[in-house]
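Trainee: The opening position of the sequence shown corresponds to residue 1 in UniProt numbering, with each subsequent residue numbered one higher.
My questions all concern the structure below.
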Amino acid sequence: MPKITYVQPGGERRSVEVAPGATVMLTAVANGIPGIVAECGGAAMCATCHVYLDESSAAAVPPVSEVENEMLDSAASGRRDNSRLGCQLVVAPGVDEIVVHIPSHQV
């Protein structure tokens, strides 16, 4: 079963097993992962599910869409080359793991 691993700013890691089709954001909210606010509920309208995608997971997710790209510019913790919105990161069939680093703040 695939898993999503969340890495907190202090380095603490927590992995959650998921079914294909799960998103990084909804999985975080459902499992009480700190640091994912998700104010808009997954509509790519707030950037409060901003994460830094681990280099090891870059090939496991779809490319950034135009809407996501624009929203990432308003991320409170600062955009990086590996910034993504957790609501847009979907676990595809055949993916073993997605690793994301949670920023120090979302708002």
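Positions of the beta carbon are idealized from the N, C-alpha and C atoms, including for glycine.
Taking the alpha carbon of V18 as the point to measure from, which residue in G10, V64, Y6 and S74 has its own alpha carbon closest?
Mentor: Position 18 of the sequence shown, counted from the first residue, corresponds to residue 18. Per the Cα distances, Y6.
Trainee: Have a look at V51, A60, P62 and V90 and flag the residue whose alpha-carbon is nearest the alpha-carbon of V107.
Mentor: Reading the sequence shown from its first residue, position 107 is the one you call residue 107. The shortest Cα separation from V107 among V51, A60, P62 and V90 belongs to V51.
Trainee: Answer with buried or exposed for P103, where buried requires no fewer than 16 other C-beta atoms within 10 angstroms of its C-beta.
Mentor: As a working mapping, residue 103 is identified with position 103 in the sequence shown. Flag for P103 reads buried.
Trainee: What residue range is occupied by the uninterrupted alpha helix (DSSP H) comprising V67?
Mentor: Translated into positions along the sequence shown, residue 67 becomes position 67. Here the alpha helix (DSSP H) through V67 covers E66 to L72.
Trainee: For R14, collect the residues of the same chain with a Cβ closer than 6 Å to its Cβ; drop the 5 residues on either side in sequence, then sort them by chain order.
Mentor: For this step, residue 14 is matched to residue 14 along the sequence shown. Once the five neighbours on either side are set aside, the close Cβ partners of R14 are Y6.
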